[in-house]
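S.K.: Have a look at this one.
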Amino acid sequence: MALTIKAEGIFKTFRSGWWGRKQKLVLKGVDLQIEEGEIFGILGPNGAGKTTLLSILSTLLLPDRGKIGILGMDGLQDGHRIREKVNSSSGNANFLWSLTVRENLHFYGRLYGLTRNRREEKVNALIKLFNLEEHRDATFDRLSTGMKQRLSLAKSLLNDPAVLFLDEPTVGLDPSVSIMIREQVRSIQKERGMTVLLTTHNMKEAEFLCNRIAFLKNGEILTTGTAEDLKRMVRMGDLIKLEFMGTISEDELLRANGVINYGISGNLCEIIVDDGERRLGTLIALLSQSGAQIIKVTLGQTELEDVFIEFAKGTDSDMGVWD
Amino acid sequence: MSLLNLQRGLIQIWAFGIKNWIITKRNVFSLFEILFWPVVGFFSVGLLTNFLELDADMVGFILIGVISMSVIQVCQIDVAYVLLYDLWSKSLKHTFIAPIHPFQLILGSWLIGVIRSFVVFLLLVFLSTFAFGFNFLKPGLGPLILFLLGLFLIAALIGISVCILVLLFGYKAEVAAWSITSLMALICGIYYPISILPSPLPEIARVIPLTYFLEYFRSFYGFHHGGNLLGWGFGQIGVYLVLEAVLFKIVLHRARRTGILIKLSE
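From first to last, the protein sequence lines are chains P and E.
For the first sequence, our numbering gives the first residue as 7, with consecutive numbering after it.
For the second sequence, our numbering gives the first residue as 23, with consecutive numbering after it.
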């Protein structure tokens with residue numbers, strides 16, 4: 007697969023105060039490679055530098071140093087050409103307040119140079135795709151958060167982008183709208199084959215949408231991989247829940263291979279093991295021999311959320327507005 | 023440039039014009055900008071000239087200044103609005119993530135400004151004829167067109183300055199949209215000749231093109247000034263337009279470096 011986005015050694019500092027005396031290093035040498043047609047997620051706590059990285063890759067922001075390649079073009083020199091082929095949508099959608107849904111889409115369609123017929127066709131199709139028909143003549147300030155978000159996504163598809171940047175696309179939305187938007191993003195990506203780079207706090211969103219995920223913390227990418235890779239990397243182990251009658255010998259548990267930790271409360275025993283599928287049979291046999299009658303067994307896998315918490319440990323989440 | 027690119031460029035320019043137009047027609051307060059303030063200002067000054075029993079030449083001198091200021095103010099605000107609307111809507115980043123050139127942004131909004139201010143001009147010329155017996159069309163069509171072109175271009179210069187300030191200072195720069203014109207009124211001889219200004223203000227007035235256009239148009243009403251007034255006026259406009267184009271590019275690059283485009287969109 008060809009690389010659509012390649013970033014090498016991206017550094018970014020924000021300066022504030024008189025003569026920029028206060029400095030905050032937000033990105034510390036980020037490297038990233040995203041393949042064509044991939045949905046790539048950047049996961050990380052508040053203040054990790056997600057939005058800053060996305061803004062740099064979408065040419066809205068210039069890095070202090072580093073190399074960026076987007077669709078084979080130089081991200082620092084060919085900004086104008088890149089902007090023709092990319093688009094973005096952000097969670098906190100803001101558009102011209104007094105323009106209607108339709109007028110906003112036509113305005114941005116004009117910015118991409120779409121002719122009247124092409125624009126009309128495109129705007130109507132996007133209004134339909136995002137179920138905005140009823141609100142097409144409502145001004146932006148009258149739209150609900152969910153509708154604003156849908157308008158933002160519609161706007162981001164006006165130029166049929168080869169790369170789409172989504173900055174927390176479902177932030178602040180109720181679960182049903184979030185699910186709908188995620189499904190729309192996935193189906194649009196599948197249909198058009200575009201490369202999508204999204205930032206999110208939401209583990210389920212990352213797991214549902216992304217082929218690969220990078221975990222960003224304090225301006226550094228700690229790891230990159232599929233959701234499964236990340237879970238394995240954290241080595242948090244699998245959780246085996248046992249409902250039992252009789253007694254469980256704690257000595258047997260301590261002696262058993264692969265047991266990392268355990269807890270017993272009444273007739274419920276929770277055991278964390280290195281590999282649930284591999285250890286389950288032996289454990290049940292061992293506990294049965296020691297006198298416990300196992301009634302119910304549940305094998306739980308580590309959630310991406312647990313991975314997030316593990317990675318985010320010790321993060322200073324108060325890094326200001328740059329997220 | 024291919025025909026297709028030209029068409030695309032024109033569509034992008036017109037995007038900004040149509041944006042300003044839609045917002046203007048939807049906002050009742052924009053009527054105040056076009057009608058209320060110019061007309062109120064015009065009558066206030068016009069009636070003051072009646073009270074002071076000024077002769078017709080002096081009334082003409084002052085009315086030329088007042089009408090010019092209204093034309094410039096209405097036109098420049100449209101250019102300034104092209105970024106101010108985005109600033110107020112927090113949508114700056116959407117504009118600058120699109121493949122547009124700064125000149126398209128300015129040109130599109132300026133065209134709407136020219137139309138709006140021309141309407142104001144016609145209205146004030148009509149009122150000056152009927153209320154104060156002043157004939158604004160006396161110099162003839164050619165000088166009038168050159169004079170108006172000068173005013174429209176000066177308005178573009180002011181509007182671009184506001185846009186540059188917005189990209190530098192964000193919300194703090196809003197005030198410039200209304201104050202630069204007033205400052206020019208003080209220095210460029212709107213209500214009086216610049217010769218009465220204390221030093222170094224007359225020297226400063228000489229590097230502002232409006233001074234020359236006012237002197238040029240007033241010369242048709244008996245207030246003669248030496249030198250090539252139009253040459254100086256258009257020459258300065260040309261130099262300032264080039265300087266502002268370069269500055270706009272630098273400031274936009276700086277905005278992409280400092281992150282102000284994103285900060286102002288949050």
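Think of the CB as a built atom: it goes at the ideal place given N, C-alpha and C, for glycine as much as any other residue.
Just to make sure I have the definition right: I need the residues of chain P whose C-beta is within less than 7 Å of the C-beta of K115(E). Which are they?
M.R.: Here residue 115(E) refers to the residue found at position 93 of the second sequence. The answer, in chain order, is L66.
S.K.: Which residues of chain C have a Cβ atom closer than 9 Å to the Cβ of N157(E), listed in chain order?
M.R.: Looking for chain C here will not work: the only protein chains present are P and E.
S.K.: Hey, out of L232(E), W43(E) and G155(E), whose CA is closest to S138(E)'s CA?
M.R.: To locate residue 138(E), count along the second sequence from 1; it is residue 116. The residue asked about is misnamed: residue 138(E) is Arg in this sequence, not Ser. Measuring from the Cα of R138(E), the nearest candidate turns out to be W43(E).
S.K.: List, from N- to C-terminal side, the alpha helix (DSSP H) runs of 4 residues or more that fit wholly inside the region 113-188 of chain E.
M.R.: Here the runs fully enclosed are 114-118 and 124-154.
S.K.: For L190(E), collect the residues of the same chain with a Cβ closer than 7 Å to its Cβ; drop the 5 residues on either side in sequence, then sort them by chain order.
M.R.: As a working mapping, residue 190(E) is identified with position 168 in the second sequence. Result list for L190(E): V273, in chain order.
S.K.: Would you mind sorting L208(E) into buried or exposed? The rule is 16 or more other CB atoms within 10 Å of its CB.
M.R.: Locating residue 208(E) in the second sequence gives position 186, where the first residue counts as 1. Exposed, since its Cβ has fewer than 16 Cβ neighbours within 10 Å.
S.K.: Using a C-beta to C-beta distance shorter than 7 Å, which residues of chain E count as neighbours of G119(P)?
M.R.: One-based indexing of the first sequence puts residue 119(P) at position 113. Simply R30, I33 and Q34.
S.K.: Identify the residues that DSSP records as bridge partners of Y107(E): which are they?
M.R.: In the second sequence, the residue the question calls residue 107(E) occupies position 85. Answer by DSSP bridge pairing: none, since Y107(E) is not bridged.
S.K.: Given that S287(E) touches chain P, what residues does it touch there, using C-beta distances under 7 Å?
M.R.: Position 265 of the second sequence, counted from the first residue, corresponds to residue 287(E). Chain P residues near S287(E): N100.
S.K.: Measure the beta-carbon distance from L74(E) to L66(P) and round it to whole angstroms, keeping in mind my assumption that it falls under 8 Å.
M.R.: By 1-based counting over the second sequence, the position of residue 74(E) is 52. By 1-based counting over the first sequence, the position of residue 66(P) is 60. Contact flag wrong, Cβ pair sits at about 56 Å.
S.K.: Could you give the DSSP three-state label for I230(E): helix, strand or coil?
M.R.: Position 208 of the second sequence, counted from the first residue, corresponds to residue 230(E). Coil at I230(E), not helix or strand.
S.K.: Could you tell me the alpha carbon to alpha carbon distance between R21(P) and P124(E), rounded to whole angstroms?
M.R.: Along the first sequence, one-based indexing puts residue 21(P) at 15. Along the second sequence, one-based indexing puts residue 124(E) at 102. Cα-Cα distance, rounded: 25 Å.
S.K.: Secondary structure at Q29(E), three-state DSSP: helix, strand or coil?
M.R.: On the second sequence, position 7 is the one that residue 29(E) refers to. Here Q29(E) sits in helix by DSSP.
S.K.: With DSSP as the reference, please indicate the residues paired to V92(P) in a beta bridge.
M.R.: Mapped onto the first sequence, residue 92(P) falls at position 86. DSSP lists V169(P) as partners of V92(P).
S.K.: Taking all protein chains shown into account, decide if A131(P) is buried (16 or more other Cβ within 10 angstroms of its Cβ) or exposed.
M.R.: Locating residue 131(P) in the first sequence gives position 125, where the first residue counts as 1. Answer is exposed; the Cβ neighbour count stays below 16.
S.K.: Counting only Cβ-Cβ distances shorter than 8 Å, please list the residues of the region 266-288 of chain E near chain P, keeping chain order.
M.R.: Within the region 266-288 of chain E, the residues whose Cβ lies closer than 8 Å to some Cβ of chain P are H275, R278, R279, T280, G281, L283, I284, K285, S287 and E288, listed in chain order.
S.K.: Let me know the secondary structure DSSP gives C210(E) once reduced to three states.
M.R.: Reading the second sequence from its first residue, position 188 is the one you call residue 210(E). Correct three-state label for C210(E): coil.
S.K.: How would you list, in chain order, the residues of chain P whose beta-carbon sits under 7 Å from the beta-carbon of I122(E)?
M.R.: Here residue 122(E) corresponds to residue number 100 of the second sequence, with the count starting at 1. What I122(E) touches in chain P: L117.
S.K.: Assuming D70(P) is part of the beta strand (DSSP E), what are its boundary residues?
M.R.: Position 64 of the first sequence, counted from the first residue, corresponds to residue 70(P). Premise fails: D70(P) is in no beta strand (DSSP E) and is neither H nor E.
S.K.: Buried or exposed: which applies to V191(P), given that a residue is buried once 16 or more other Cβ atoms fall within 10 Å of its Cβ?
M.R.: As a first step, residue 191(P) must be located in the first sequence, where it is residue number 185. Label assigned to V191(P): buried.
S.K.: Counting C-beta neighbours from all protein chains within 10 Å, is the total for K302(P) 16 or more, i.e. buried, or is it exposed?
M.R.: Within the first sequence, the letter at position 296 stands for residue 302(P). Burial call: exposed.
S.K.: By Cβ distance, which residues of its chain are closer than 7 Å to E249(P), with the 5 residues on each side in sequence left out?
M.R.: Indexing the first sequence from 1 puts residue 249(P) at position 243. Only N273, L274, I301 and K302 meet the Cβ criterion.
S.K.: Measure the C-alpha to C-alpha separation of V261(E) and C216(P) and round it to an integer number of angstroms.
M.R.: Here residue 261(E) corresponds to residue number 239 of the second sequence, with the count starting at 1. Here residue 216(P) corresponds to residue number 210 of the first sequence, with the count starting at 1. When rounded, the distance between both Cα atoms is 53 Å.
S.K.: Any Cβ of chain P within less than 8 Å of the Cβ of F118(E)?
M.R.: Taking the second sequence and counting its residues from 1, one reaches residue 118(E) at position 96. Answer yes: the Cβ-Cβ gap between F118(E) and chain P drops below 8 Å somewhere.
S.K.: For S221(E) and Y214(E), I'd like the C-alpha separation in whole angstroms.
M.R.: Position 199 of the second sequence, counted from the start, is the residue given in the question as residue 221(E). Position 192 of the second sequence, counted from the start, is the residue given in the question as residue 214(E). So the two alpha carbons sit approximately 15 Å from each other.
S.K.: Using C-beta distances below 6 Å, list every residue in its chain close to K18(P), excluding the 5 sequence neighbours before and after it, in chain order.
M.R.: Here residue 18(P) corresponds to residue number 12 of the first sequence, with the count starting at 1. So the qualifying residues of the chain are V32, L33, T58, P69 and D70.
S.K.: Restricting to Cα atoms, I'd like to know which of F143(E), S150(E) and G155(E) is closest to F169(E).
M.R.: Position 147 of the second sequence, counted from the first residue, corresponds to residue 169(E). When only C-alpha atoms are compared, the closest one is F143(E).
S.K.: Mind checking which residues open and close the alpha helix (DSSP H) that includes Y114(P)?
M.R.: Residue 114(P) sits at position 108 when you count from the first residue of the first sequence. That run of the alpha helix (DSSP H) goes V107 to L117.
S.K.: Name the chain P residues whose beta carbon is nearer than 9 Å to that of K41(E)?
M.R.: Along the second sequence, one-based indexing puts residue 41(E) at 19. The contacting residues are L102, L105, E109, F113 and R116.
S.K.: Count Cβ pairs between the region 219-235 of chain E and the region 193-211 of chain E that sit closer than 8 Å; are there 3 or more?
M.R.: The region 219-235 of chain E vs the region 193-211 of chain E: in contact.
S.K.: Tell me the DSSP secondary structure of G47(P) in three-state form.
M.R.: Taking the first sequence and counting its residues from 1, one reaches residue 47(P) at position 41. Looking at G47(P) - three-state DSSP - the assignment turns out to be strand.
S.K.: Pick helix, strand or coil for E189(P), following the three-state DSSP scheme.
M.R.: Counting from 1 along the first sequence, the entry for residue 189(P) is found at position 183. It is helical.
S.K.: Would you mind telling me which residues of chain P sit closer than 8 Å to I45(E), beta carbon to beta carbon, in chain order?
M.R.: The residue labelled residue 45(E) in the question sits at position 23 within the second sequence. Per Cβ cutoff of 8 Å: L102, S104 and L105.
S.K.: Hey, how far is the Cα of D84(P) from the Cα of R30(E)?
M.R.: Here residue 84(P) corresponds to residue number 78 of the first sequence, with the count starting at 1. Here residue 30(E) corresponds to residue number 8 of the second sequence, with the count starting at 1. If I take the Cα positions, the gap works out to 19 Å.
S.K.: Compute every distance between the C-beta of V92(P) and the non-hydrogen atoms of the ligand ATP, then say whether any falls below 7 Å.
M.R.: Among the ligands in the structure shown, none appear at all, so the ligand ATP cannot be discussed.
S.K.: Quick one: Cα of I254(P) to Cα of G297(P), how far?
M.R.: Start at 1 with the first residue of the first sequence, and residue 254(P) comes out as number 248. Start at 1 with the first residue of the first sequence, and residue 297(P) comes out as number 291. If you take the alpha carbons of I254(P) and G297(P), they lie about 7 Å apart.
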